[in-house]
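Let me begin by presenting the structure, written as structure tokens, before commenting on it.
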Amino acid sequence: MNCKVKQGCLTSESCCILLWLAFTLFPVSVVTAADNRKIDESQQKEVKAEMKGYVGDENGEPVIGATVLESGTQNGVITDVDGIFTIQLAKNASLTISYVGYQKKTVVVKDKKFISVNLTPDRSMMLDEVVVVGFGKQKKESLVGAVQAVKPEDLKMTSSNLSTSFAGNVPGIIAVQTQGEPGSDEAKFYIRGISTFGSNTSPLIILDGVEINATMMNNIPPESIASFSVLKDATATSLYGSRGANGVIIVTTKQGQLSEKMSVDIRFDNTFSMPTYVQKMADGPTYMDMYNEAVYNQAIANNQEYEPFYSRDKIDKTRANANPYLFPNNDWYSMLFKDFAVNQNLNISIKGGSKNVDYFLNAGIFYENGIIRQPKEDKLDVGMRNKKYLFQSNVTARVTSTTKVGLNMNTQLFYHHAPKTSTRNLFAYSMHGNPVRFPATLPAEPGDTYI
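Numbering (mature numbering (1 follows the signal peptide of the UniProt record, and there is no 0)), first residue to last: -33 to -1, 1 to 418.
This is the structure we're talking about:
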């Protein structure tokens, strides 16, 4: 069948139908001029340019392996052996350059084709800790021997002496405290165990170049310590020969600085000391009942006739507190010891310097009391207390440009008051003493003026 369509005979309805079929069968994208401009701008943003650069240290020497990263992206490279890098960057990008031991630096590139960056060392990350060894000082990273440097801040504890603060703060040191009696509560300490046969097992202790004993070291206030080094192995202690067989502890005290403004540091501690655990003791009637039971068991075991050691009348009258002098019921521990003792520690440090003289002064007063009870009716002073007066004076004067004169003086004064017998014996007596055998005190009689 032949169909003929005359030109100009299409109606408006026919045109609409043909256009609808054309858009349905053949989709056409329509882009405006404004959209074209947006596409062109996005394409321009994605265009990256090559840029080169150089990364050096504070002296201008090349930094090998520094990280060069386009800020806000994952686009990054590292510098080569000459400190040179090449990177593809977007327009107006910025670079972040970093390296271990140096501070990060951010640089805005703009239209630059080459940049040169010098990194600044990060002092907080550098291994420049100084350790006192032998007759000098050495950087810790260049040290071969086993040396442990302890920060003086770690030794500032509410303790009566320095050695008790070693535990948990100084690796390689074993600190053992065997008693808490005032004046005798220092800890015995060993460096890497007991390494010498015989009686001398304590390490060699050096204070500002002078040998001291463990008692003197225990009484050094932590506020006056500038450095504390522990030399452990044979390499570190070789300078001291056989005297360093048990290890060496080197303590240096603080010094002032020239032209330093005077500073005053005051520390006051008020502490309480008490036993960690106290055994609960039986009262008099309970003690007598248990004693009679023990006598009964012994008689049965030996096939003997049982006769109670304490009569029922004595037990009942003791329980009723009929007469404390005839039927005593003593709690020896409560009579001899208090629940706790109060201690005070005052320390004052003054540090500064003028144009030619620097100084550091430290004064400390420590009052330590024991838990032995002082009866009010007794004129005899049986209390236990320990007083320490500590002074440290370090003064250095610059006489000429090549000569200086210094004086380091450490003074320690002690006052110790205690009963003739030890606290350990008194504690043993209170634990094993018979609570009903005799009264603790007897009534005073007229005319008694002496014992």
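We put the beta carbon where it would ideally sit given N, CA and C, even for glycine.
Counting C-beta pairs with one atom in each stretch, the region 25 to 37 and the region 46 to 59 have three or more that are closer than 8 Å, which means they touch. A residue is called buried when at least 16 other Cβ atoms come within 10 angstroms of its Cβ; Thr204 meets this threshold and is buried.
Of the residues assessed, Pro188 falls on the buried side of the cut-off, its CB having 16 or more other CB atoms within 10 angstroms.
Assignment of beta-bridge partners to Gln55 by DSSP yields Glu17.
Arg352 sits away from Phe304, with the two beta carbons spaced by 8 Å or more. With contacts defined as CB atoms closer than 8 Å, Gln379 and Leu347 fail to qualify as a contacting pair.
The alpha helix (DSSP H) runs lying completely inside the region 280 to 310 and spanning 4 residues or more are 299 to 303, given in chain order.
Close CB contacts of Glu227 within its chain, under the 8 Å cut and outside five residues either way in sequence, are with Lys318, Gly319, Gly320, Asp325 (chain order). Among the bridge pairs identified by DSSP, Met241 is matched with none. Around the Cβ of Ala249, a 10 Å sphere holds fewer than 16 other Cβ atoms; the residue is exposed. Here DSSP, grouped into helix, strand and coil, assigns Ser191 to helix.
Secondary-structure assignment with DSSP links Val218 through a beta bridge to Leu174, Phe195. Secondary structure note for Gln265: it is in no beta strand (DSSP E), and the uninterrupted alpha helix (DSSP H) holding it is 251 to 268. Looking at the DSSP output, Phe235 bridges to Leu313.
In this structure, the CA atom of Lys72 is about 45 Å from the CA atom of Gly373. Look at the beta carbons and you see the region 267 to 287 not touching the region 327 to 344: under three pairs across the two are nearer than 8 Å. Residue pairing of Arg365 in beta bridges, as defined by DSSP: Lys371.
Excluding five sequence positions before and after Glu178, the CB atoms of its chain that fall closer than 8 Å to its own CB belong to Leu171, Ile172, given in chain order. In the structure shown, Gly208 falls within a helical segment according to DSSP collapsed to helix, strand and coil. Per DSSP, reduced to three states, the secondary structure at Met351 is coil, with no helix or strand assignment.
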